[in-house]
Each structure stands twice: as structure tokens, then as C-alpha cells.
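2 protein chains.
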Amino acid sequence: MSSEYYEYQLTIDKILDSGSRSFPNREIVYRDIRRYTFSSFSDSVKRLMSGLKKLGVKKGDRVGVIDWDTDVYFHTYYAIPMLGSVLHTVNIRYPLELIVKTILHAEDKYLIVRDEFVPLIEKAANIMPVGMKVITYSDNKEKVKSPISSADFWELIESNEPIEVSEDLKENDMATIFYTSGTTGEPKGVWFSHRKIVLHTLSVSLVGARAPLNLTSNDVYLILVPMFHVHAWGYPYVALLSGVKYVLPGKYDYGLILKLMDKEKVTYSAMVPTILYLILSHPDAPKYAHVFKRWKVTIGGSALPEGLAKKAKELGITVIAGYGLSETCPVLTTGYYNSLVEGLDEEKKFMEQISTGAPIPLVQIKIVDPSTGEEKERGKIGEIVVRAPWLTQEYYKDPEKTKSLWKGGWLHTGDLAYMDEYGYLHIVDREKDAIKSGGEFIPSLLLENAISLHPKVSQVAVVGIKDEKWGERPVAFIVPKEPINEEELRQFLLNLANEGKIQKWWIPDKFIFINSMPLTSTNKIDKKVLREMAQK
Amino acid sequence: MSSEYYEYQLTIDKILDSGSRSFPNREIVYRDIRRYTFSSFSDSVKRLMSGLKKLGVKKGDRVGVIDWDTDVYFHTYYAIPMLGSVLHTVNIRYPLELIVKTILHAEDKYLIVRDEFVPLIEKAANIMPVGMKVITYSDNKEKVKSPISSADFWELIESNEPIEVSEDLKENDMATIFYTSGTTGEPKGVWFSHRKIVLHTLSVSLVGARAPLNLTSNDVYLILVPMFHVHAWGYPYVALLSGVKYVLPGKYDYGLILKLMDKEKVTYSAMVPTILYLILSHPDAPKYAHVFKRWKVTIGGSALPEGLAKKAKELGITVIAGYGLSETCPVLTTGYYNSLVEGLDEEKKFMEQISTGAPIPLVQIKIVDPSTGEEKERGKIGEIVVRAPWLTQEYYKDPEKTKSLWKGGWLHTGDLAYMDEYGYLHIVDREKDAIKSGGEFIPSLLLENAISLHPKVSQVAVVGIKDEKWGERPVAFIVPKEPINEEELRQFLLNLANEGKIQKWWIPDKFIFINSMPLTSTNKIDKKVLREMAQK
Numbered sequence: 004m005s006s007e008y009y010e011y012q013l014t015i016d017k018i019l020d021s022g023s024r025s026f027p028n029r030e031i032v033y034r035d036i037r038r039y040t041f042s043s044f045s046d047s048v049k050r051l052m053s054g055l056k057k058l059g060v061k062k063g064d065r066v067g068v069i070d071w072d073t074d075v076y077f078h079t080y081y082a083i084p085m086l087g088s089v090l091h092t093v094n095i096r097y098p099l100e101l102i103v104k105t106i107l108h109a110e111d112k113y114l115i116v117r118d119e120f121v122p123l124i125e126k127a128a129n130i131m132p133v134g135m136k137v138i139t140y141s142d143n144k145e146k147v148k149s150p151i152s153s154a155d156f157w158e159l160i161e162s163n164e165p166i167e168v169s170e171d172l173k174e175n176d177m178a179t180i181f182y183t184s185g186t187t188g189e190p191k192g193v194w195f196s197h198r199k200i201v202l203h204t205l206s207v208s209l210v211g212a213r214a215p216l217n218l219t220s221n222d223v224y225l226i227l228v229p230m231f232h233v234h235a236w237g238y239p240y241v242a243l244l245s246g247v248k249y250v251l252p253g254k255y256d257y258g259l260i261l262k263l264m265d266k267e268k269v270t271y272s273a274m275v276p277t278i279l280y281l282i283l284s285h286p287d288a289p290k291y292a293h294v295f296k297r298w299k300v301t302i303g304g305s306a307l308p309e310g311l312a313k314k315a316k317e318l319g320i321t322v323i324a325g326y327g328l329s330e331t332c333p334v335l336t337t338g339y340y341n342s343l344v345e346g347l348d349e350e351k352k353f354m355e356q357i358s359t360g361a362p363i364p365l366v367q368i369k370i371v372d373p374s375t376g377e378e379k380e381r382g383k384i385g386e387i388v389v390r391a392p393w394l395t396q397e398y399y400k401d402p403e404k405t406k407s408l409w410k411g412g413w414l415h416t417g418d419l420a421y422m423d424e425y426g427y428l429h430i431v432d433r434e435k436d437a438i439k440s441g442g443e444f445i446p447s448l449l450l451e452n453a454i455s456l457h458p459k460v461s462q463v464a465v466v467g468i469k470d471e472k473w474g475e476r477p478v479a480f481i482v483p484k485e486p487i488n489e490e491e492l493r494q495f496l497l498n499l500a501n502e503g504k505i506q507k508w509w510i511p512d513k514f515i516f517i518n519s520m521p522l523t524s525t526n527k528i529d530k531k532v533l534r535e536m537a538q539k
Numbered sequence: 004m005s006s007e008y009y010e011y012q013l014t015i016d017k018i019l020d021s022g023s024r025s026f027p028n029r030e031i032v033y034r035d036i037r038r039y040t041f042s043s044f045s046d047s048v049k050r051l052m053s054g055l056k057k058l059g060v061k062k063g064d065r066v067g068v069i070d071w072d073t074d075v076y077f078h079t080y081y082a083i084p085m086l087g088s089v090l091h092t093v094n095i096r097y098p099l100e101l102i103v104k105t106i107l108h109a110e111d112k113y114l115i116v117r118d119e120f121v122p123l124i125e126k127a128a129n130i131m132p133v134g135m136k137v138i139t140y141s142d143n144k145e146k147v148k149s150p151i152s153s154a155d156f157w158e159l160i161e162s163n164e165p166i167e168v169s170e171d172l173k174e175n176d177m178a179t180i181f182y183t184s185g186t187t188g189e190p191k192g193v194w195f196s197h198r199k200i201v202l203h204t205l206s207v208s209l210v211g212a213r214a215p216l217n218l219t220s221n222d223v224y225l226i227l228v229p230m231f232h233v234h235a236w237g238y239p240y241v242a243l244l245s246g247v248k249y250v251l252p253g254k255y256d257y258g259l260i261l262k263l264m265d266k267e268k269v270t271y272s273a274m275v276p277t278i279l280y281l282i283l284s285h286p287d288a289p290k291y292a293h294v295f296k297r298w299k300v301t302i303g304g305s306a307l308p309e310g311l312a313k314k315a316k317e318l319g320i321t322v323i324a325g326y327g328l329s330e331t332c333p334v335l336t337t338g339y340y341n342s343l344v345e346g347l348d349e350e351k352k353f354m355e356q357i358s359t360g361a362p363i364p365l366v367q368i369k370i371v372d373p374s375t376g377e378e379k380e381r382g383k384i385g386e387i388v389v390r391a392p393w394l395t396q397e398y399y400k401d402p403e404k405t406k407s408l409w410k411g412g413w414l415h416t417g418d419l420a421y422m423d424e425y426g427y428l429h430i431v432d433r434e435k436d437a438i439k440s441g442g443e444f445i446p447s448l449l450l451e452n453a454i455s456l457h458p459k460v461s462q463v464a465v466v467g468i469k470d471e472k473w474g475e476r477p478v479a480f481i482v483p484k485e486p487i488n489e490e491e492l493r494q495f496l497l498n499l500a501n502e503g504k505i506q507k508w509w510i511p512d513k514f515i516f517i518n519s520m521p522l523t524s525t526n527k528i529d530k531k532v533l534r535e536m537a538q539k
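Protein sequences, first through last, are from chains F and U.
Here the working numbering is used: the first residue of the first sequence is 4, the next is one more, and so on.
Here the working numbering is used: the first residue of the second sequence is 4, the next is one more, and so on.
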């Protein structure tokens with residue numbers, strides 16, 4: 004008398020299924036090049052699965068993707084994991100040598116490559132995994148002529164009938180793999196199961212509906228996080244589950260992005276602070292005041308400088324911060340209003356929403372002493388350690404680093420922060436960026452924030468340099484908005500110190516003025532480069 | 004080099020933890036008797052866990068609860084599963100014999116009993132499980148004097164320090180068990196794991212935020228589904244996760260409920276149609292027009308009659324329907340607006356929101372031929388079969404009924420319905436209530452709906468009686484609003500038939516006028532009793 008009970012698996016196809024059934028005519032838009040409805044997109048994904056399967060893609064096979072933020076990439080977020088294979092979102096901002104290294108480390112058997120990246124891959128053909136098949140495509144659907152191309156992406160879709168996921172697709176199967184940007188040391192691989200992605204999607208969807216974002220299925224997303232970067236923070240999955248229109252910008256061109264935002268009535272975006280800065284300071288920006296007024300933005304990846312947040316607010320943009328790591332899928336906290344903050348005055352609410360934020364549903368956070376692991380009191384600085392249903396189980400093929408990542412059963416973020424009286428995190432430093440001066444930490448993010456408040460400062464980054472007397476001392480790199488001298492800045496900071504906003508001994512010994520910040524492959528300020536510059 | 008990776012479990016404590024951290028000062032209110040914040044409630048739950056543990060409650064032990072909708076019941080929804088023991092929500096509307104039967108079947112080792120039910124349990128003491136311990140309480144915290152009482156509920160909380168959940172609590176552990184109301188045949192036991200409840204909570208929270216309910220953390224819930232009934236549709240868990248104030252009405256007293264709704268600024272409720280009917284027709288109702296204007300309601304448990312829905316709408320109430328079974332945790336569908344319906348005119352949207360609804364996130368629904376299991380086209384009537392991550396794995400200790408429940412890997416609801424062009428279900432009948440006349444089904448719910456539109460009809464139910472010529476013929480039971488005769492009703496239905504809204508041959512052969520409907524233990528109309536009355 005055996006039962007045919009169906010053990011429901013939390014797999015990515017369930018997101019696509021829910022989205023395409025509840026919001027069949029919601030759109031996915033790629034520039035002015037192609038439009039899909041959720042329903043036609045679902046059909047297209049299932050044809051791609053069929054095409055990939057015929058090409059030989061099997062359960063567990065890694066499939067790398069090298070592309071901008073396109074409709075092709077959006078397909079692969081679903082089709083590859085739904086086939087039981089593993090989506091490797093290759094970091095296209097890496098130097099070629101590192102790209103190849105990650106492809107070899109992940110053991111990619113297939114690579115999907117946009118035409119403009121084909122020459123790059125041709126160059127490395129002889130050091131790629133043996134037998135790797137390359138699928139190429141171009142925007143206009145013309146076949147890419149290259150000796151390395153084994154198949155055309157569009158043909159895989161167009162010459163096959165849709166198939167459904169196999170019964171042996173399980174929620175703990177590997178769905179995605181990618182490499183952390185590695186501003187220090189070698190890139191490390193992290194991977195995520197279907198289950199983790201589904202649960203992350205549910206929680207990120209839930210928290211988005213909270214104030215001040217108040218996102219609904221009538222919002223329109225244009226996400227400015229490159230799709231090779233940490234599931235583009237989960238939004239390609241959140242979009243289907245939450246039923247929102249999704250606009251894909253291709254390669255970032257801020258003039259075009261502003262136009263797209265206007266034309267497609269975009270209301271929501273997510274990005275690192277640098278991108279927000281680049282958009283707001285774009286020469287066309289003044290023409291789009293009406294677009295900014297309806298715009299809601301989540302900033303993550305790096306701390307949101309108060310100066311930038313205030314500039315956004317003045318334009319009518321609703322801006323909050325979020326926090327997470329490659330290791331954490333990534334979202335851990337966002338600046339939604341919890342029940343303690345919702346009743347505060349506007350100014351105080353604003354300061355909380357642009358802080359590192361409060362844990363989203365199912366996330367557990369502790370602030371601990373980095374050496375002993377003991378929990379710190381509210382308000383005290385320590386390392387952020389976390390538990391959530393969507394954290395990476397390991398650094399791929401690296402048991403040693405995995406061990407320290409998961410020391411004591413909590414994932415160690417390596418970020419130093421305190422939790423304020425309302426339950427919001429305030430990151431004061433990456434552990435590795437911390438400046439220790441005279442035995443005490445100088446929280447570089449707080450200091451940067453203070454400097455960013457000066458009206459002539461456009462961007463700022465502080466790093467530590469070795470100092471015989473103090474161990475380390477801070478050096479500030481400044482991109483000025485208009486000419487400014489060191490003395491002016493020093494006086495400004497002294498005033499802040501007198502007001503009790505910073506410590507006097509935090510004031511940098513040296514200010515270096517530069518034209519633009521060196522950026523990492525994920526558009527964060529590259530402090531490694533700055534440290535080298537500062538030592539000289 | 005072993006890692007201490009933490010395998011995150013989807014257990015109920017994670018809901019309590021998220022709620023009490025993000026919404027620490029949100030309130031739980033029990034009448035005008037006691038108030039908690041989420042934070043103090045969490046502390047109280049953890050003290051209760053400690054008290055129960057000291058009393059001897061172990062992992063896997065069943066703990067029955069016999070109570071109205073009180074703060075005590077609310078505690079047990081968390082504390083019992085969080086201790087690894089199993090919450091048995093005993094159906095207090097059953098006759099004593101059936102109550103005992105379910106307690107024996109579930110093998111309850113502990114029973115938590117409100118004072119007014121103690122005499123009932125005393126009466127059955129000698130047929131209860133051997134060694135079962137009874138925990139009693141009264142609202143005013145006076146100890147209950149009874150030979151069967153082993154412990155006082157409040158003392159368990161007040162004389163113990165909070166404890167945390169054990170490391171060996173796993174997401175697939177049994178969390179709850181209860182018995183389906185059994186309008187036909189013996190009650191059947193269904194049980195749910197922590198994981199199922201957590202996933203149900205996430206999805207129900209998500210869909211509540213969709214139009215037309217648009218629920219946010221600033222809504223105030225007063226749920227009018229008895230807490231012994233299917234997780235009171237999930238709201239005691241949804242409340243903590245979504246951060247809403249929750250008002251508990253105790254034993255239902257509609258005058259008091261109206262007062263509570265006013266005083267506590269209630270904005271949202273869920274209930275069976277009978278309860279909405281009782282509230283709207285309460286003599287005090289006209290005094291609460293301002294309360295109804297802000298009120299949003301989900302109706303489930305039975306079909307929402309169009310007449311009642313329209314009356315609610317006239318009062319300014321936003322009303323939608325929902326659908327689910329004891330076997331399904333329960334929510335499967337609700338009348339939220341999907342992307343096809345959101346653009347329709349108000350009248351059409353209203354008809355969809357009061358239909359059986361559209362699948363909520365992660366639910367998969369098919370309409371199949373009940374005999375062959377083959378999927379039916381859109382618009383055709385068949386049985387609803389479902390998959391979701393929160394369906395019961397079995398009828399407890401009943402492999403035979405389990406087998407037919409899960410035939411073919413889909414849960415069989417036994418409900419006949421069609422799916423309309425917009426993707427909304429329309430239940431036309433419980434399979435067991437279906438009336439087959441001349442080889443064709445008469446959809447009793449559609450017929451009841453038609454009769455309910457007559458202005459003099461207050462409530463209606465149609466059942467089939469045996470007929471020599473046709474097999475079965477319909478008989479209508481009517482609770483009139485004001486005097487009405489059979490001829491008037493027959494003419495009304497003939498007009499509807501001429502307009503093509505019903506079939507002429509559906510018109511009942513007999514109309515029976517009664518003062519009130521017989522109800523089941525969960526306040527649904529008891530068609531079994533009506534069928535007996537009709538045969539006489």
C-alpha cells in the first residue's frame with residue numbers, strides 16, 4: 004500500500020512556473036532590441052533547455068556565461084539550473100588569465116559567449132578545458148563565425164520544442180557557481196543550491212514590499228548590478244516571483260540607461276554606490292528629473308556614503324542600503340523600516356535606511372569578538388557573523404578557507420560593525436581594510452562618510468599606511484567636485500571632531516587628490532591599489 | 004579539515020526570531036485582558052518551553068490544546084513545536100466522544116485545557132490515554148481546582164527562565180497534527196512538519212501584499228478562524244513574520260468582536276462566510292460603518308456567495324476569497340489580482356477576487372478528469388489536484404486513504420472546478436456534494452450563488468435527493484431575510500435561466516424554508532444534516 008506522495012523540491016523551475024502563471028503578460032525588455040512576456044519567456048527557457056540537452060549538457064555539468072546584462076543571460080539564469088546543470092557566471096571584468104583560471108577551476112564543459120567576447124576566448128582557446136564546447140550568439144541573431152563556436156544560442160531555442168524539468172532535479176543540487184571578486188588574494192569559488200536560491204528569492208521579495216520601498220507587482224525593475232555578480236543580487240529570480248516588469252540594459256551606457264528608465268517607466272534599481280554616482284553626475288541627468296522622482300534604489304556592494312544618499316534624496320529618489328557578500332547569495336540586511344524606526348522623524352528614519360540595514364526574514368546576525376567569538380553588547384564593534392538558509396556551504400575545493408569561513412557554526416563575514424539601538428547594522432570596516440592606529444581601530448567607513456559631507460568632495464576613500472610610531476595611520480584619497488585644498492578639508496574635519504562626530508586622531512595625515520577612483524571588477528573602489536599608491 | 008557549516012533548518016523558531024527582532028514592539032492583544040509585544044511574547048514562549056520541558060515533555064510527544072482563540076493558544080502554536088513536541092489542535096466543536104477518539108488516535112501525552120473545558124475532560128478522564136498529564140489555566144491566572152490538573156499553565160511560564168530550541172530540532176520533524184472536520188465519515192488525521200509551516204508562512208505573507216488586499220506591516224489582524232482549525236489558516240505564523248499587530252477575540256461574541264475591531268483599529272480578518280454573515284447582520288453592526296470602511300477580509304472554508312460579497316462591498320469592505328483544505332496546510336489559492344485581471348474594469352475584477360482564486364506562490368494546480376487523471380482544457384470542469392511544498396504527507400495511520408489522496412503524485416482535493424480564462428479557479432462542487440441529474444452534474448455552488456442573489460434570501464444551501472427518474476434532483480434550503488414564497492423564487496430562477504446564467508433543469512424541485520442552517524464544527528453549512536432532512 005505505497006503512497007505516491009510528491010516530495011516537493013524547492014527548485015528554480017517553481018519560480019518560473021509561479022511567475023508565468025500569475026503574471027503571464029508581464030514583460031521582460033532587453034534595450035529596444037527584444038521584448039518577452041513572462042509566458043513567452045518561460046516557453047523560450049524550456050526550448051533552450053531542450054537545445055542544451057541535445058547538445059549534450061548533463062546533470063552537474065558546469066556551463067559558463069560571458070555576457071553583459073542581456074536577455075540571453077536572463078535565459079541562462081533559469082534554463083541552465085533547470086536542466087540540472089550549473090550556471091557559472093564568469094566575471095568578465097577579470098583579466099583574461101583570471102577568467103581562464105576560474106573556468107578551469109569550475110571545470111566548465113560549456114561556455115555561452117556573446118560575439119564581442121569571442122576574440123577574447125579565441126585567444127585563450129588552447130588553455131581552456133579539453134573538449135569544452137562554446138555556444139555563441141549575436142544580438143541580431145546572425146551566426147558568429149569562429150573556429151571555437153560549436154553552436155548558435157538562438158538556434159538552440161528556435162529549433163527545439165519546450166521540455167519540462169526532470170523528476171530527478173533535487174533542491175540540494177548545485178544550481179550556480181561563481182568567484183568572489185578577490186580584491187585581496189586569489190578568487191574563491193562559492194556555489195548555491197536550488198533550495199538556497201528559492202529561499203533567498205522568497206525573503207528578498209517579502210522585504211522589498213516593506214517601507215520605504217513598498218515594492219509591488221506594478222513596479223518596473225532595471226537592475227544595475229552586472230549579471231555575473233552574485234545572482235545580480237537575486238533580482239532575476241525575484242522579478243518572476245513578484246511579477247514585476249524587468250528591463251535589461253545590456254552593456255552599461257548611462258545615457259542609454261537614462262533613456263530606458265524614462266521610456267520603460269522604471270521605478271526600481273539596485274547598484275553599487277559608484278554607479279549611482281555616475282548616473283546622477285551624467286550630463287543628461289538634469290533632463291530626467293521626472294524619472295528620479297519616481298525612482299527607488301537599493302545600494303549595496305559597498306557602504307552608501309551619506310553625501311551621495313542626500314544628493315539622491317534631494318532629487319526625490321527613495322534610497323536605502325543593503326548588505327551581503329558573494330558568500331551569502333547575497334542579501335543579509337536592507338534598510339527597510341522595522342517597528343522601532345517607522346515612528347521616528349524623517350531625518351532619523353533616513354539615517355537608518357541608509358545604514359547597513361536590518362536582517363531580512365530568516366537571517367540571524369550576531370556581532371562577536373573576532374578573536375574569542377563571544378557575542379558583543381548592542382552598540383559595541385565586532386565582527387558580523389550570520390546564519391541564513393542561503394549561505395554557501397563552502398569555498399569550492401578549498402577546505403581550509405571553508406573551515407575559517409564557518410568557524411563555530413556561523414558564517415564569518417570579515418566585516419566589523421556595531422548594531423544600533425534600533426537593530427540596524429553599521430559597518431565600520433572590512434576587517435582587512437581596518438586601520439589600527441595606536442592599538443585602536445579607526446573605522447575607515449565612518450571617516451569616509453564624514454569627509455564625503457564636504458560640499459567640494461565628490462568621492463573619497465581612506466586606507467591605512469604603515470607608521471613607525473602608531474602602527475598605521477590613515478591616508479585619504481579624494482576625487483574633488485571643485486578645487487579644494489588640504490587645509491580646508493582638515494579644518495572641516497576638525498569642526499566635526501569638535502562636534503563629537505569623529506575622533507580628532509582619526510583625521511588623516513595625508514590627503515591625496517586624484518581624478519577618479521581605481522575600481523575592482525565589480526565597480527567597488529579598489530583599496531588594494533590605493534594602498535599601493537599611498538605607500539609610494 | 005572538517006567544516007562547521009551550519010545546515011539551516013526551516014523551523015518555527017526562525018519565524019518567531021525574525022518577528023521579534025524586526026518588530027519588537029508590535030503587539031499581540033487578547034481581548035482587554037492581556038497585551039504582549041512581539042519581544043515579550045518571544046520571551047514568554049521560551050519560558051513556556053522551559054516549563055513544559057521540566058514537566059517532562061519530550062521530542063515527538065503530542066500535546067493537545069483545548070481552548071478558544073486566546074493568548075494561551077497563541078503561545079502553544081510556537082512553544083510546543085519549538086520544543087520538538089507536536090501541537091494537536093483539538094476540535095472543541097466535536098462531540099466529547101469524537102474529541103476523545105482523536106486524542107487517543109494522536110496519542111496525546113499532555114493536554115492544555117482552559118478552565119471552562121475542564122469539566123468536560125473530567126467526565127472523560129477514565130477513557131483518556133493512560134498517564135496523560137493535564138495542564139490547566141484560567142484567564143485571571145487563578146489555579147484551576149481539579150483532580151485531573153497536573154500543572155498550571157501560567158506557573159510554567161512564570162517560574163522558569165527562557166530556553167532556546169535544541170540543536171536536534173529538524174525541519175522535517177512533525178510540528179502539528181489535527182483532524183479534518185469529517186462532515187462525512189470518520190475524522191482523518193493530518194500532520195505538518197516545521198518546514199511545511201515555514202514555507203506556507205512565506206508564501207501566504209507574500210500573496211497578502213498583492214492587490215486588492217495590499218497588506219503591510221501596519222495592518223492589524225483579527226482572525227475569526229477558530230485556532231483549532233487548520234493553523235487558523237496560517238495567520239498566527241504570518242503575523243510574526245510580516246510584523247502585524249494581532250488581536251485575539253477569545254470565544255466568539257460578535258458584539259464584543261465589533262467593539263474590539265473598533266478599539267484596536269483592526270484592518271484585516273479571515274473567516275468562513277457564515278461568520279461574515281453573522282457579523283454583518285449583528286444588531287450592533289450599523290454602529291460600526293467606519294470600521295467596515297477600512298476592513299479587508301479573506302473568506303475561505305466554503306464558497307463565498309456572491310450576494311454576501313456584494314453586501315460586504317456596499318459597506319466598503321474589501322473582500323476576497325481563498326481556498327484550501329485541512330490536508331493542504333491550508334492555503335492554495337486566493338483572489339489576489341494577477342497580471343491579467345489587474346487591468347479589467349472594477350466589476351470584472353470583483354468577480355475574480357470573490358472566485359476561488361489563483362494559485363499562490365509555489366502552488367501548482369491542475370484540473371483533471373476524476374476517473375482518468377488526464378488534464379482538462381481551460382474552462383472545462385474536473386477535479387482540482389495540487390502540488391505545493393506544504394501538503395500533508397499522509398492521513399495519519401491510514402495508508403489506504405493516503406494512497407487515494409496522493410494517487411499519481413498529485414494531492415486530490417475532491418473538489419470539482421474549472422479554471423477561467425484569467426487563471427482563476429471556480430469550484431462548482433465538492434465531489435461528494437455533487438448532484439448528478441440525468442447523467443449530468445448540477446453544480447450546486449453555482450446554483451446556490453444564483454439563489455443567493457434574490458434580495459429576500461439570507462442564506463441558501465442546495466443538496467441532492469434520490470429520484471427514480473433522474474437519479475438525483477436538487478432541493479434548496481432557504482433562510483429567508485423576509486417572508487418569501489416558493490413561486491417568487493422559482494420565477495426569479497426562471498428569469499436567470501432565460502438570461503443564460505443557469506440551466507433551467509437545475510431549478511430545484513423543492514424549496515424548504517428554515518430559520519437557521521445546521522453547521523459543522525468549523526461553522527460550515529452541514530450538508531449531511533440537510534440531506535437527511537430533505538429525504539424525509
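Note that beta-carbon positions come from the ideal geometry of N, C-alpha and C, so glycine has one too.
All values reported here derive from a predicted model rather than from experimental measurement.
Alpha carbon of residue i to alpha carbon of residue j, nearest angstrom
i	j	result
U/G338	U/D256	28 Å
U/I517	F/V344	55 Å
U/G412	F/L244	24 Å
U/T359	U/S329	16 Å
U/L533	U/P521	8 Å
F/Y80	F/L90	7 Å
U/S162	U/D16	22 Å
F/A127	F/S153	16 Å
Residues that residue i bridges to, as DSSP identifies them
i	result
U/D155	U/T139
U/I515	U/F480
F/R390	F/Q367
F/P362	F/T336
U/V68	U/T92 and U/I115
U/V460	U/P483
Burial state of residue i, where buried means 16 or more other Cβ atoms lie within 10 Å
i	result
F/T375	exposed
F/L107	exposed
F/L261	buried
F/E386	buried
U/H203	buried
F/P289	exposed
Among the options, nearest to residue i - alpha-carbon criterion
i	options	result
F/L419	F/G441, F/V275, F/K472 and F/L448	F/L448
U/I83	U/F26, U/K104, U/F41 and U/L172	U/L172
F/N452	F/I487, F/I505 and F/G441	F/I505
U/K439	U/I166, U/P477 and U/G304	U/P477
Contact list for the segment 359-381 of chain F against chain U, Cβ threshold 9 Å: A361, P362, I363, P364, L365, V366, Q367 and I368
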